[in-house]
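Asker: Residue numbers (the working numbering), protein chains in the order written: chain A, 1 to 356; chain B, 1001 to 1356.
Where a beta carbon is used, it is the ideal one built from N, C-alpha and C, also for glycine.
Since the model is a prediction, treat every value here as computed from it, not as a measurement.
Please find one structure pasted underneath; my questions will follow.
Protein chains: 2
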Amino acid sequence: MRPTVIDIAREAGVSLATVDRVLNARPGVREKTIRAVNEAIAKLGYVRDLTAANLARSRTYRVAVVLPDTESQFIQSLAEALTKAGSMAATSRTELHLHRFPAEDPHALAALLGSLPDRDYVGVALMAPETPVLRDAVRGLRAKGIPTVALVSDLPNAGCDHFVGVDNRAAGRTAGVMMGRFLGGGPGQVMVLGQSLLARDMIERRRGFDEVLQRDFPGIEVLQSLETHGSPVTLHQVVAEMLANAPQVRGIYAMGGGNRALTQVLANMGLSGKLTVICHELTPHVRAALIAGEITAVITQNLGHLARSTLRVLRAKVDRLPLDEGQEQIRIEIVLRENLPAQPDPSAQAHIDHTS
Amino acid sequence: MRPTVIDIAREAGVSLATVDRVLNARPGVREKTIRAVNEAIAKLGYVRDLTAANLARSRTYRVAVVLPDTESQFIQSLAEALTKAGSMAATSRTELHLHRFPAEDPHALAALLGSLPDRDYVGVALMAPETPVLRDAVRGLRAKGIPTVALVSDLPNAGCDHFVGVDNRAAGRTAGVMMGRFLGGGPGQVMVLGQSLLARDMIERRRGFDEVLQRDFPGIEVLQSLETHGSPVTLHQVVAEMLANAPQVRGIYAMGGGNRALTQVLANMGLSGKLTVICHELTPHVRAALIAGEITAVITQNLGHLARSTLRVLRAKVDRLPLDEGQEQIRIEIVLRENLPAQPDPSAQAHIDHTS
DNA sequence: CAGGAAATGAGGTACGTTCCTCAATTTTTG
DNA sequence: CAAAAATTGAGGAACGTACCTCATTTCCTG
């Protein structure tokens, strides 16, 4: 049996009320007494039963997740993963609310963030490009004691409590080795595509990618990045043009977005499956393209894990508990057709048995 | 506010006691009343507060994990991951106890399993090769209402409640594509090494590996598997011999175990980093070898995740709750130096000795 | 329709906390 | 040293559930 507050009170020679005062940092206890109680806690190895505590408090972890209103498949998959994690977490007194902001409007975002404290949120997760206004807004949240974590895209200078996501430079390096090795070290050229929404992430990926290819695969020439600005039309144009002019292209690295348009151009040009195509994020379309052999490899992060980690981290921060770093580390996953995780059947109804 | 039993009682027009009888499947309630209560539950969307229920029951999930007493780094890492997961789960009323059995003695294993019900375990996780005695023992556990899950190595005919681990055939296929692509499709020969402890897993991996190479990489010749019987000496011998006789060998697929001995032979022969070496399981030694460039790629499963999943699944089975399939799916991870996850726990770093 | 059985209700205690009030004690201060 | 202030104790209600007992009501059976 784990020790309870009663055991501590007895061990420390104080009353239950005093133990409670110490445990919950309530005022009006002498230094000496506090020490005595803490010693008893240490000696007995007491750990507060969080579930009982939360029951007594009738606490709920009301968490806001703030995403850009971009319509990309990635954002949509992410939103779905979060919603699902939120509903599963309802049993652990967690409430997740999704908020969207206009992607190009940092001030609207700041206003949204500013309004959150008044809505009783106890934690905020945020995916957004870093701007000065945003930094201030995050500082504001944290000043009010609301833990704030960056999601997917890091905010290194905003002073967040945590970053839930991957190191994009390492992700780029990973794409780099995969490309280099899959091309047998060369010779050949590689096209790099990217849009600019989350600019810093793209830059990081590109840096990692180049780093590895330059160092380890000198036989491969990496062409200049092509900006697609999220437009399928632009993508069609630039890719078709470049492929026509550079017959040496053996690989394409799609750093972010536009995967649907890309597979389509390739299909149009009769190149499906003939090039080594590496992209990011295992969206439904990418999954299908991987199975069809139109995409060779995907560098991705597990969105379900990402979503659950977000909630766990925020709860831990709210409770000022330490994280399990190993568990919260988001991995850079390499997915080929052969290790593609089975799509868990969405029609599998969660039958909940009340009768046990 | 989530509805409580009180709300259900009111809605169904019955007393609290009756609601309780229905919820906990106690006898002495008319069919009609049961239906009324269940309708109220459905209507209000009631979900029992498991934390409050467990508090009231003072339930603890007492779980036994049964592993072979093999001294391999993999088993040891697994045991550590489980122990850690167990201690972290103490806050969720979960107690994990590790039991080892003599690897070659199925009867000792069966005896051990037979003794578990009397020790108040509510769930069992088991890693063992499948034998008829084992199947009976598992049936015995399940007949006593103790959920039993297979760990790492599946027991397809034992009727377990769940399998926590990866599809080894798919893992072999993954190793296969990686090897095939990394060798640029050939020409060349590939050596395959394996010991036989968990024979079926090795066979599955080998099948998957061959499948892919035969189908997609006809230019690569896969040599016959070399059995090392877990002996470093044997491994040294056979590998040295084969490498001497087959100068075309460009890749080595180590299906399981002996990674330490392997990297050492390669170092002795001056071949470190010159071959494409793919192995399984990211043990401390493999991690170091990956960083040093002695191993090219690792096909692995996240042991921390595996351990946590085991506990979650067993708890869910005990409570007859549905699983979150997506969360419990163990992924086949491909790890290169570039996407190697940072070692989060420095105190868990094992001493790596190349000279032994 | 009486008698017995079955079903239901009423109410309590417990789980390990939080949070509150009020009284009793100790310490500090003027 | 007395009064004021600070500290500590004692106790209770609540959170949502489980599980128990005993009384009451309803149902079935002969």
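Leaving out five residues on either side along the sequence, give the residues of the same chain with a beta carbon under 6 Å from the beta carbon of residue 266 of chain A.
Answerer: Residue numbering aside, residue 266 of chain A sits at position 266 when the first sequence is read from its first letter. The residues are 272.
Asker: What separation, rounded to the nearest whole angstrom, lies between the Cα atoms of residue 297 of chain A and residue 137 of chain A?
Answerer: Position 297 of the first sequence holds residue 297 of chain A. Position 137 of the first sequence holds residue 137 of chain A. Looking at the two C-alpha atoms, the distance is approximately 38 Å.
Asker: Shorter than 8 Å from the beta carbon of residue 341 of chain A to some beta carbon of chain B?
Answerer: On the first sequence, residue 341 of chain A is found 341 positions in, with the first residue counted as 1. Output row for residue 341 of chain A: interface = yes.
Asker: To the nearest whole angstrom, what separates the beta carbons of residue 1186 of chain B and residue 1219 of chain B, a pair I think is in contact under 8 Å?
Answerer: Mapped onto the second sequence, residue 1186 of chain B falls at position 186. Mapped onto the second sequence, residue 1219 of chain B falls at position 219. That belief holds up - the Cβ atoms of residue 1186 of chain B and residue 1219 of chain B are roughly 3 Å apart, short of 8 Å.
Asker: Is the CB of residue 1184 of chain B under 8 Å away from at least one CB in chain A?
Answerer: Looking up residue 1184 of chain B in the second sequence gives position 184. Output row for residue 1184 of chain B: interface = yes.
Asker: For residue 1144 of chain B, which residues from the same chain have a beta carbon less than 8 Å from its beta carbon, with the 5 sequence-adjacent residues on both sides left out?
Answerer: Against the second sequence, residue 1144 of chain B aligns to sequence position 144. Only 1117 meet the Cβ criterion.
Asker: On the DSSP letters alone, give me the boundaries of the alpha helix (DSSP H) that residue 1153 of chain B sits inside.
Answerer: As a working mapping, residue 1153 of chain B is identified with position 153 in the second sequence. Neither: residue 1153 of chain B is in no alpha helix (DSSP H) and is coded neither H nor E.
Asker: Check whether the Cβ atoms of residue 167 of chain A and residue 148 of chain A sit closer than 8 Å, and answer yes or no.
Answerer: For the purposes of this step, residue 167 of chain A is identified with residue 167 of the first sequence, where counting begins at 1. For the purposes of this step, residue 148 of chain A is identified with residue 148 of the first sequence, where counting begins at 1. Not a contact, by the Cβ cut-off of 8 Å.
Asker: In chain order, what are the residue ranges of uninterrupted beta strand (DSSP E) at least 3 long that sit wholly in the stretch 1046 to 1079 of chain B?
Answerer: Here the runs fully enclosed are 1061 to 1068.
Asker: Comparing alpha-carbon positions, which option in A:181, A:234, A:263 lies nearest residue 214 of chain A?
Answerer: Locating residue 214 of chain A in the first sequence gives position 214, where the first residue counts as 1. Looking at the Cα atoms, A:181 is the closest of the given residues.
Asker: With a threshold of 8 Å between beta carbons, is residue 55 of chain A in contact with chain B?
Answerer: Position 55 of the first sequence, counting from 1, holds the residue named residue 55 of chain A. Chain B contact via Cβ: present.
Asker: So residue 332 of chain A contacts chain B; which residues on that side make the cut at Cβ distance below 7 Å?
Answerer: Within the first sequence, residue 332 of chain A is the residue found at index 332, counting from 1. Ordered by position in chain B, the residues that pass the 7 Å Cβ test against residue 332 of chain A are 1339.
Asker: Where in the stretch 1083 to 1167 of chain B do unbroken runs of the alpha helix (DSSP H), each at least 4 residues long, occur, reported from the N-terminal end onward?
Answerer: Segments of the alpha helix (DSSP H) lying fully in the stretch 1083 to 1167 of chain B: 1106 to 1115, 1132 to 1143.
Asker: Based on DSSP bridge pairs, tell me the residues matched to residue 1280 of chain B.
Answerer: For the purposes of this step, residue 1280 of chain B is taken as the residue at position 280 of the second sequence. Residue 1280 of chain B pairs with B:1299.
Asker: Quick check: the Cα distance between residue 209 of chain A and residue 1065 of chain B, rounded to an integer number of angstroms?
Answerer: As a first step, residue 209 of chain A is located in the first sequence; it is residue number 209 there, counting from the start. As a first step, residue 1065 of chain B is located in the second sequence; it is residue number 65 there, counting from the start. Spanning the two alpha carbons is a distance of roughly 43 Å.
Asker: Once you ignore the five residues that flank residue 1123 of chain B on each side, which residues in its own chain have a CB closer than 6 Å to its CB?
Answerer: Counting from one through the second sequence, the residue named residue 1123 of chain B turns up at place 123. Closer than 6 Å at Cβ, skipping near neighbours: 1063, 1147, 1314, 1318.
Asker: Counting C-beta neighbours from all protein chains within 10 Å, is the total for residue 1157 of chain B 16 or more, i.e. buried, or is it exposed?
Answerer: In the second sequence, counting from the first residue as 1, residue 1157 of chain B sits at position 157. Residue 1157 of chain B is exposed by the Cβ-count criterion.
Asker: Closer than 9 Å between beta carbons: that is the criterion. Which residues of the stretch 1087 to 1099 of chain B meet it against chain A?
Answerer: Answer in chain order: 1088, 1090, 1091, 1092, 1093.
Asker: Using a cut-off of 8 Å between C-beta atoms, extract the partners of residue 1371 of chain B located in chain A.
Answerer: Outside the shown range of chain B (1001 to 1356) lies residue 1371 of chain B, about which nothing can therefore be said.
Asker: Quick check on the burial criterion: 16 or more other C-beta atoms within 10 angstroms. Buried or exposed for residue 179 of chain A?
Answerer: Within the first sequence, residue 179 of chain A is the residue found at index 179, counting from 1. By the neighbour-count rule (16 or more Cβ atoms within 10 Å), residue 179 of chain A is buried.
Asker: Residue 1142 of chain B CB to nearest chain A CB: under 8 Å?
Answerer: Residue mapping note: residue 1142 of chain B aligns to position 142 of the second sequence, counting from 1. It does not: the Cβ of residue 1142 of chain B has no partner Cβ on chain A nearer than 8 Å.
Asker: Helix, strand or coil: how does DSSP classify residue 1207 of chain B here?
Answerer: Against the second sequence, residue 1207 of chain B aligns to sequence position 207. Of the three classes helix, strand and coil, the one that applies to residue 1207 of chain B here is helix, per DSSP.
Asker: So is residue 1173 of chain B in contact with chain A if we call contact Cβ pairs under 8 Å?
Answerer: Position 173 of the second sequence holds residue 1173 of chain B. True, the Cβ-Cβ gap to chain A drops below 8 Å.
Asker: Going by DSSP, what residue range makes up the alpha helix (DSSP H) through residue 1237 of chain B?
Answerer: The count along the second sequence starts at 1 and reaches residue 1237 of chain B at position 237. Residues 1232 to 1245.
Asker: Counting contacts by CB-CB distance shorter than 8 Å, is residue 1363 of chain B in contact with chain A?
Answerer: No answer is possible for residue 1363 of chain B: it lies beyond the span of chain B, which begins at 1001 and ends at 1356.
Asker: Residue 339 of chain A: buried (16+ other C-beta within 10 angstroms of its C-beta) or exposed?
Answerer: The residue labelled residue 339 of chain A in the question sits at position 339 within the first sequence. So residue 339 of chain A counts as buried.
Asker: Tell me, please, whether the stretch 107 to 116 of chain A touches the stretch 328 to 335 of chain A by the rule of three or more beta-carbon pairs shorter than 8 Å.
Answerer: No: fewer than three Cβ pairs fall under 8 Å.
Asker: So is residue 351 of chain A in contact with chain B if we call contact Cβ pairs under 8 Å?
Answerer: If you number the first sequence from 1, residue 351 of chain A lands on position 351. A caution first: residue 351 of chain A carries a pLDDT of 37, below 50, which makes its placement in the model too unreliable to give a value.
Asker: Taking DSSP as the reference, what is the three-state secondary structure of residue 1269 of chain B?
Answerer: In the second sequence, counting from the first residue as 1, residue 1269 of chain B sits at position 269. Three-state DSSP puts residue 1269 of chain B in coil, outside helix and strand.
Asker: Just mark residue 1291 of chain B as buried or exposed, buried being the case when its beta carbon has 16 or more other beta carbons within 10 Å.
Answerer: Residue numbering aside, residue 1291 of chain B sits at position 291 when the second sequence is read from its first letter. It counts as exposed.
Asker: Check for me: the alpha helix (DSSP H) holding residue 8 of chain A runs from which residue to which?
Answerer: Numbered from its first residue, the first sequence carries residue 8 of chain A at position 8. Start and end: 5 to 12.
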